[in-house]
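1 is the number of the first residue of the sequence shown in the UniProt record's numbering; add one for each residue after it.
All C-beta atoms, glycine included, are put in the ideal place defined by N, C-alpha and C.
The structure appears below as structure tokens.
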Amino acid sequence: MDPKEVQVKILLAGNPLKYACKQLGVSSMVYSNYSEVFDVSIEEVVHYVRQNGFPTGTFLTRNSYFDGIRFYEENGKWYFHYQERGKVTGKMEFDTFEEALEPITRIVLRMSGTGLY
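In structure tokens:
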């Protein structure tokens, strides 16, 4: 398996499906399991983000016109939401980055589609 840092970056901001298929030499994950490729724990992912922040590409910028997830700081508070076709859902507000760290990391990992978290 690749180093934990590589796994974290792919899970948070990459394409886990494409990466896993390439690593396993398969065209789909129908008969394979993501645990064959990724062995990083949620605690390791949170620790990485605490030390390094989220990898570039994890979130869209606050004022982006594209659909996707946003996580940003404004006036000393941290905000998270999902936007699709102009509709904002899943709004969350946190007083500190540390307070937001684990719940937001878990959401992003679930959205990776691996079923591991």
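Chain-order list of residues whose beta-carbon lies under 8 Å from that of residue 34 (same chain, five-residue window excluded): Cβ within range, chain order: 16, 20, 114, 115 and 116.
Complete runs of the beta strand (DSSP E) confined to the region 23-79 [at least 3 residues]: Restricting attention to beta strand (DSSP E) runs no shorter than 3 residues, the region 23-79 encloses them at 68-74, ordered along the chain.
Would you call the region 99-107 and the region 39-52 touching, i.e. three or more CB-CB distances under 8 Å? yes
How many Å lie between residue 80 and residue 87 at the Cα? 14 Å
Alpha-carbon to alpha-carbon, residue 82 and residue 91: Rounded to whole angstroms, residue 91 to residue 82 spans 7 Å at the Cα level.
For residue 114, does the three-state DSSP call read helix, strand or coil? coil
For the candidate residues 32, 101 and 12, whose alpha-carbon lies nearest to that of residue 40? 12
Where the beta strand (DSSP E) containing residue 90 begins and where it ends: 87-94
Which partner residues of residue 118 appear in the DSSP bridge assignment? Given a span of 1 to 117 for the chain in the structure shown, any question on residue 118 remains unanswerable.
CB residue 30 to CB residue 101, shorter than 8 Å? Not closer than 8 Å, so no.
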